[in-house]
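Numbering (the working numbering), first residue to last: 10 to 177.
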């Protein structure tokens, strides 16, 4: 059996089928998939065990549909790290740096390579630091935008964790 679940725009859709071929309902669900859609698949199958009897097993896997060529910070990863350090960590006062908590920022690189829709999902616990982080993300130099296999420029979502990532 195959259970297919997609999460698109925060809404879940399910389709199930038996056998090794996808049902029409599953095929229709796959047609809804586009960039950024999360796809989760659960496959149920029988396996012969050492006593020659069949044992029912399950395998689960999931993925998010991404562009063929992801968006890239012009100058590379180290250049982006330097930019973010110079425009965030280096600008936080020593007093605030000692109380700095990790922050999580979500943003999108649009089809033009611009940073849009920046928002914090986890605050640094300091209003000034949060503003500094958002300003740095929104002011980043243009990126090389993501590209599909057809050569179409598309937007791509990112999540950055800023701060000490030591621990659980």
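Every residue gets a Cβ at the ideal spot worked out from N, C-alpha and C, and that includes glycine.
Nearest candidate by alpha-carbon position, reference residue i, set the options
i           : options            : result
residue 155 : 73, 133, 79        : 79
residue 45  : 83, 151, 170, 17   : 17
residue 114 : 47, 90, 142, 87    : 142
residue 127 : 68, 84, 144        : 144
residue 76  : 170, 153, 169      : 153
residue 149 : 89, 131, 161, 10   : 89
residue 43  : 170, 158, 171, 168 : 158
Counterpart residues of residue i in DSSP-defined beta bridges
i           : result
residue 20  : 17
residue 25  : 12
residue 162 : 156
residue 124 : 118
Exposure of residue i, with buried meaning 16 or more beta-carbon neighbours within 10 Å
i           : result
residue 125 : exposed
residue 38  : buried
residue 164 : buried
residue 57  : exposed
residue 28  : exposed
*Would you list, in sequence order, the uninterrupted alpha helix (DSSP H) runs of no fewer than 4 residues that lie entirely inside the region 34 to 101?*
86 to 96
*Inter-stretch contact at 8 Å, needing at least 3 Cβ pairs: the region 62 to 76 / the region 45 to 54*: yes
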